Every structure is written in C-alpha cells, then in structure tokens.
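Numbering (this note's numbering), first residue to last: 21 to 165. Glycine included, each C-beta is placed from N, C-alpha and C at the ideal position. On a predicted model such as this, the values are computed, not experimentally measured, just so you know. The structure under discussion appears below in the form of structure tokens.
Rendered as structure tokens:
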C-alpha cells in the first residue's frame, strides 16, 4: 500500500499520480487533500508519514508546489527518510542508496509525465544495503541525538 498526499499546490499532480497508480493496479490510500483550497503542507505530510511509520503503508508520495516544504516537514518525523525527486536518477538513488520511504514531488515544477516516470522508478527500485545500510544507520543515529 502506497500512501499519497498533497497540499493545494500538489493537488492537480496528485490526481495524475493516483490515476497512474490505478492504471498499474498499485494499491494506494489517498490521504488528501481533496480540493485546491489552501492548506498548510506540514498538516498534509503528517497522515502519510504516520501511515508509513505505523506500517499501514510501505512507502509514501507527498506533493506540494515545489516539493521542498513538504519534504522538510516529512523529514521531521523520526524514521522518515523523504527525498525530493525532480528526476528519474534521483528517484532511483533515493531508494537504492538512501532507502527513502517517502518521495516528494513539486506539483508546480514537475510535469505529470515526468512525475509518473519518477514514481515508477522509485517503486521499482530496491535498497542495495551494504555500505548504504551503514549510512542510513548513521542518519537514524543523528535522529536520536
């Protein structure tokens, strides 16, 4: 199960991503928003991050206008490794090297076709472990300082 959420700036792109996930038969949960009324991106990050942390969702996709604010908010949750991805290579590395459990997109800066490719690449990638696992462990150690 993939958790998907956005603020008003990511609402339109979220719709494209949801239709794409449906077309591929990928199970997801839409955590909102459900219209373009202005909302605060930290409030939109919370339900997706919580679902990933409690195991309801295996990973998440968060979208705001640029992806910056929502990624900053998501990374405040202990155990979340949210990566802002504006290209396919970053999405691949986010999973393979950083074991990102959430990717963030910018609804006002990333076209829908590129966003679909980013999502596909992220979902198809696998964490490589090894030296990368040690680096992810260090991230978690910083969280506990």
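Three-state secondary structure assigned by DSSP to residue i
i	result
residue 57	coil
residue 84	strand
residue 98	coil
residue 139	helix
Residue i, buried or exposed, once every other Cβ within 10 Å from all chains shown has been counted against 16
i	result
residue 51	buried
residue 44	exposed
residue 151	exposed
Test item: CB-CB of residue i and residue j under 8 Å
i	j	result
residue 106	residue 130	yes
residue 135	residue 37	yes
residue 23	residue 83	no
residue 94	residue 69	yes
Candidates the options: closest to residue i by CA position
i	options	result
residue 160	90, 135, 97	97
residue 21	43, 67, 164, 79	79
residue 119	41, 154, 76, 164	154
residue 27	70, 63, 42	63
Query raised in the report: Just checking, does the segment 144-157 make contact with the segment 112-125 on the three C-beta pairs under 8 Å criterion?
Result: These segments touch.
Query - Validate contact between the segment 98-111 and the segment 51-62 using beta carbons, cut 8 Å, 3 pairs - result: Segments in contact, no.
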